[in-house]
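**Student:** Have a look at this one.
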């Protein structure tokens, strides 16, 4: 039961790290006028691409940091700064505006830039790398891996049903939810920065 609660908490954290409502708003803007079948295929490809990249970073993060000689706390603090900048841009609405893309070119954009970096940006990948390195045991690593898959699947479901969500909430409400996501991310970012900086200071 304890692992179930931990898994759910990790899933919620990862879901917000993937900035779902910003991704949704971008997806809706890019796919205006596209048929439903194309939107579904695109949504599935985005979710699979994001899941593949985030899982690879999570499980191989410790090896990457050892390769470059980066400490966990330095990476935690640096990723926290990036995540804070992402959160600020979401709250202030200063994210990049979606451009109008021809329908035949949408599938080519599924992995880059829609899956990475729009869905899984540098800050998100940095946070996942820290989570993978600091996981206390193999059970938490497996639970986190499952939570990553579930979070990416949730993004995919949101995108598949984007038309219905847009009709239900409207573009303005989606923007508001994106700002709320930014507030949640800012709290996560500050915690990462404080913990990383504190541990780095104690090492001196």
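Residue numbers (my numbering): 8 to 211.
We put the beta carbon where it would ideally sit given N, CA and C, even for glycine.
Keep in mind the model is a prediction, meaning the values are calculated, not measured.
(1) Run through DSSP, which three-state label would residue 169 get?
(2) Using a Cβ-Cβ cutoff of less than 8 Å, which residues in the same chain neighbour residue 155 once the five nearest sequence positions on both sides are dropped?
(3) Indicate, with yes or no, if the ligand SAH has a heavy atom lying under 8 Å from the CB of residue 34.
(4) Give the straight-line distance between the Cα atoms of residue 13 and residue 149, rounded to the nearest whole angstrom.
(5) If you draw a straight line from the alpha carbon of residue 164 to that of residue 121, how long is it in whole angstroms?
(6) How far does the alpha helix (DSSP H) with residue 185 in it extend, from its first residue to its last?
(7) For my contact list, residue 26 and residue 188 are in at a C-beta cut-off of 8 Å; report their separation, rounded to the angstrom.
(8) Could you give the C-beta distance for residue 214 and residue 203, rounded to a whole number, given that I count them as a contact under 8 Å?
(9) With a threshold of 16 other CB atoms inside 10 Å of the CB of residue 34, please say whether the residue is buried or exposed.
(10) Assuming the contact rule is C-beta atoms closer than 8 Å, residue 56 and residue 118 should be a hit. Round their C-beta distance to whole Å, please.
(11) My understanding is that residue 181 touches residue 28, with C-beta atoms under 8 Å, so please give their C-beta distance in whole angstroms.
(12) Can you have a look at residue 83 and say buried or exposed, based on whether 16 or more other CB atoms are within 10 angstroms of its CB?
(13) Give me, in chain order, the residues of the same chain whose beta-carbon lies closer than 7 Å to that of residue 10; leave out the 5 immediate sequence neighbours on both sides.
(14) With C-beta atoms as the reference, is residue 45 less than 9 Å away from residue 116?
(15) With a Cβ-Cβ cutoff of 9 Å, do residue 2 and residue 192 count as a contact?
(16) Looking at residue 196 and residue 79, is the spacing between their C-beta atoms short of 9 Å?
(17) Given residue 194, which residues of its chain have a CB within under 7 Å of its CB, disregarding the five upstream and five downstream residues?
(18) If you drop the 5 nearest sequence neighbours on each side, which residues of the same chain put their C-beta closer than 8 Å to that of residue 166?
(19) How far does the alpha helix (DSSP H) with residue 13 in it extend, from its first residue to its last?
**Tutor:** In short, the structure shows the following:
(1) helix
(2) 21, 58, 61, 62, 65 and 135
(3) Here there are no bound small molecules, and the ligand SAH is not part of this structure.
(4) Whole-angstrom Cα-Cα distance: 12 Å.
(5) Distance between the alpha carbons of residue 164 and residue 121 is about 15 Å.
(6) 178–209
(7) Rounded, the Cβ-Cβ distance is 6 Å, consistent with contact.
(8) Examination of residue 214 is not possible in this model, given that the chain is present from 8 through 211 alone.
(9) buried
(10) 4 Å
(11) 6 Å
(12) buried
(13) 146 and 150
(14) Taking 9 Å as the Cβ cut-off, residue 45 and residue 116 do not qualify as a contacting pair.
(15) Because the chain here runs from 8 to 211, residue 2 falls outside it and cannot be looked at.
(16) no
(17) Correct list: empty, nothing qualifies.
(18) Closer than 8 Å at the Cβ level, and outside the excluded window around residue 166, lie 30, 31, 34, 46, 49, 50, 53 and 54.
(19) Run containing residue 13: 9–24, per the alpha helix (DSSP H) assignment.
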